[in-house]
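Asker: Could you have a look at this structure, given as structure tokens, before my questions?
Number of protein chains: 2
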Amino acid sequence: MDTKSRILKAGAKIVLQKGFYDTGLTEILKAADVPKGSFYFYFKNKEDFGLQLIDTFADYLKNGADTFYEDQSLSPLAKIRRIFKWQAESFLKSDFKGGCPIGNLSLEMGDRNALFRKKLNTVFADMKKRLAAHLEQAQHQGEIADSLNIAEVADFILSSWQGALMQMKITKSITAHQVFDRMIFERFLKRQDPVRT
Amino acid sequence: MDTKSRILKAGAKIVLQKGFYDTGLTEILKAADVPKGSFYFYFKNKEDFGLQLIDTFADYLKNGADTFYEDQSLSPLAKIRRIFKWQAESFLKSDFKGGCPIGNLSLEMGDRNALFRKKLNTVFADMKKRLAAHLEQAQHQGEIADSLNIAEVADFILSSWQGALMQMKITKSITAHQVFDRMIFERFLKRQDPVRT
């Protein structure tokens, strides 16, 4: 791994646990085992590092999601459902420490830094776009109701998921994923079948 | 206002903007205009202050919600819908700074402090219980489908709302409330009418 990636990877781990604001430069340098000069060769300052860190987190989530989006054995809706399950299982494995880096940074830095806010918005927008594209396929294939407004549904699912992650973090339990999974996929998105009278 | 309430009120404002971890004792004392000895008369330490602060936040949210829960001119479902609208409007008024103190502290302190986690869980559990009681009334009055599992629905609505607040904070826009409102009240909770064929 090149030095820049090593710094970003080491920083990502610490920031995910402690937040960005409380993570000191010295800590990052120590974890990545690089001298200060090396840090400033790759990053203008801590803010620049933070902005590039968001890209690192976003790439990680994107690559993870792609594993499922590209799995042709799954239906469009099954792909989406599996991505949330994957995230919940990763979170469980880490004993519900950390959580979604994009969500955490949104609450932590949303008020503090306009550049962070802009960047985090771009990441959410990209996630939504990709989710919406697969929801649209699900709609074309008749997996979900035609009456659903895909753009709003994608917004709603992603923000609900951020809330579910928050609940998992504080309860140290997978329950919020199970509730999210049932409510979204077995009720909210479900085609409304004709009621037999 | 007594001294203790003044310290809590001044602290609440700062913590809501900056988070608990980054709020210094000196800052709180200055904002409340009290000497340090006075702080230690009412609070064992900063942690104790933080735990009592959660109660202050919880009371504020509870009192706000009660205004609607106790409004006999509204149906059970209308009461619930109005509470989220009230919160969204308060958030808009503050230019989407701060947000839900309980949600913010959950993400900030969830990993750091087990006592905070326990206390925040109690607050969420109480909110859910009150929401569930009114959802049950809505179900009895035929406003929402009989097939809904009230406990899970209350969990889902509250965690979705936390996610919506996060989106509002980062987009500085009320849109996530509008989406939440339509998705939850006009689709998710809606009685499924027989489809005419």
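Chains as they are written, first to last, in numbering that gives the first Met the number 0: chain A, 0 to 196; chain B, 0 to 196.
Quick reminder that beta carbons are idealized off the backbone N, C-alpha and C, glycines included.
Quick check: what's the CA-CA separation for F67 (chain A) versus S89 (chain A)?
Answerer: Distance between the alpha carbons of F67 (chain A) and S89 (chain A): 15 Å.
Asker: What separation, rounded to the nearest whole angstrom, lies between the Cα atoms of K84 (chain A) and F179 (chain A)?
Answerer: Cα to Cα, the separation comes out at about 10 Å.
Asker: Please report the straight-line C-alpha distance between A144 (chain A) and Q177 (chain B), rounded to a whole angstrom.
Answerer: Their Cα atoms are separated by approximately 21 Å.
Asker: Could you please tell me which residues of the segment 109-127 of chain A, in chain order, have their CB closer than 8 Å to any CB of chain B?
Answerer: Answer in chain order: G109, D110, R116, L119, N120, F123.
Asker: For V14 (chain B), does the three-state DSSP call read helix, strand or coil?
Answerer: The answer is helix: DSSP assigns V14 (chain B) an H, G or I state.
Asker: Pull up the CB-CB distance for L50 (chain A) and L106 (chain B), whole angstroms please, since I reckon it's below 8 Å.
Answerer: About 20 Å; that fails the 8 Å criterion.
Asker: Exposed or buried, what is G141 (chain A) when buried is set at 16 or more other beta-carbons lying within 10 Å of its beta-carbon?
Answerer: That one is exposed.
Asker: Just the C-alpha distance for S4 (chain B) and S158 (chain B), rounded to the nearest angstrom, thanks.
Answerer: Straight-line Cα distance between these residues: approximately 30 Å.
Asker: Start and end of the alpha helix (DSSP H) containing S105 (chain A)?
Answerer: 100-108 is the span of the alpha helix (DSSP H), which, as asked, contains S105 (chain A).
Asker: Inspect the beta-carbon positions of M108 (chain B) and R116 (chain B) and report whether they are closer than 9 Å.
Answerer: Yes, the pair counts as a contact, with Cβ atoms nearer than the cut-off.
Asker: Is M0 (chain A) helix, strand or coil by DSSP?
Answerer: Here M0 (chain A) sits in coil by DSSP.
Asker: How about I169 (chain B): is its C-beta nearer than 9 Å to some C-beta of chain A?
Answerer: At least one chain A Cβ lies under 9 Å of I169 (chain B).
Asker: Taking Cβ to Cβ, would you say I53 (chain A) is nearer than 9 Å to K8 (chain A)?
Answerer: No; because the gap between Cβ atoms is not below 9 Å, this pair is not in contact.
Asker: Can you find a CB in chain B that lies within less than 9 Å of the CB of K96 (chain A)?
Answerer: K96 (chain A) counts as touching chain B.
Asker: Please list, in chain order, the chain A residues whose beta carbon lies closer than 7 Å to that of W160 (chain B).
Answerer: Residues of chain A passing the Cβ test: G162.
Asker: Rounded to a whole number of angstroms, what is the C-alpha to C-alpha distance between R129 (chain A) and D154 (chain A)?
Answerer: Answer to the nearest angstrom: the Cα atoms are 11 Å apart.
Asker: Tell me the DSSP secondary structure of I82 (chain A) in three-state form.
Answerer: I82 (chain A): helix per DSSP, three-state reduction.
Asker: For the segment 70-103 of chain B, list every residue whose C-beta sits within 9 Å of some C-beta in chain D, in sequence order.
Answerer: Of the protein chains in the structure, A and B, none is chain D.
Asker: Would you mind telling me which residues of chain B sit closer than 8 Å to A175 (chain A), beta carbon to beta carbon, in chain order?
Answerer: Within 8 Å Cβ-Cβ: D154, S158.
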